[in-house]
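All remarks here apply to the structure that follows.
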Amino acid sequence: MPLQIAGIVAVLVGVFLVSSNFAELKKSFRQGRSGGVSDALVSMVAWGITYTLLRPLTVAFGPIMALLFLRIAAISILFSWSSFTKTKITTPTRIIFLFFATAGLLDLMGFVAFNNSISTVLLSMVGPIAATAPAVTVLLAYFFLQEKVVTNQKIGIIAILIGLVLISLV
């Protein structure tokens, strides 16, 4: 168990490092902008609570039905919010629709796999592993969008990999 705890800590530290570009963050704070940090903190707390609430739903209803209920709730809230904020919802062009469809399919696959895993394994083990998504995002952005990967992000990726190895030593 101590190895798994060390692995979880390594993953969480790695996710923080991967998700940060300290030079850009420092520059944005000097300019009086949070650089999206406040939004990221809100999403971190919201997703953390969501994943915690998702476990009992998945155990009670199964991975697919829990995801369906979550999506129905999200769509209902989205339409209510767009009406409240008077945001216009438009139909995307064909190429953009293909991007949405692909992202939707990948999102579905990720959530079904996540829900399936939390119905059989402890959330405290699955959560940190699923939280390594920023490492994949950074690597894909590097290869396909030619974004720069800074030193702390490289260290974060290594920490995540080490953490995943430690977590898997059950």
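Just so you know, the sequence shown maps onto residues 139 to 308 in my numbering. The beta carbon of each residue, even a glycine, is placed where N, CA and C say it ideally should be.
Host alpha helix (DSSP H) of residue i (start-end)
i: Gly145; result: 140 to 156
i: Ala212; result: 201 to 222
Per-residue burial, residue i [other beta carbons within 10 Å of its own, 16 or more giving buried]
i: Gln284; result: exposed
i: Thr188; result: exposed
i: Val303; result: exposed
i: Phe217; result: exposed
i: Ile305; result: buried
i: Gly145; result: buried
i: Phe282; result: exposed
i: Phe235; result: exposed
DSSP state of residue i mapped onto helix, strand, coil
i: Gln291; result: helix
i: Ser257; result: coil
i: Lys165; result: helix
i: Thr196; result: helix
i: Pro230; result: coil
i: Leu304; result: helix
i: Ala269; result: coil
i: Thr190; result: helix
i: Thr225; result: coil
Option in the options with minimal Cα separation from residue i
i: Phe249; options: Ala271, Ala148, Lys165; result: Ala271
i: Tyr280; options: Val156, Ala148, Gln142; result: Val156
i: Gln142; options: Trp185, Pro266, Pro194, Ile293; result: Pro266
i: Ser181; options: Asn159, Phe238, Ala269; result: Ala269
i: Ala148; options: Leu277, Leu191, Met263; result: Met263
i: Ile293; options: Phe160, Thr225, Ile202; result: Phe160
i: Val197; options: Asp245, Ser158, Pro230, Ser255; result: Ser255
Proximity test, residue i beta-carbon vs the ligand MG heavy atom, cut-off 6 Å
i: Ile256; result: Summarising the ligand content, the structure contains no ligands, and the ligand MG is consequently not present.
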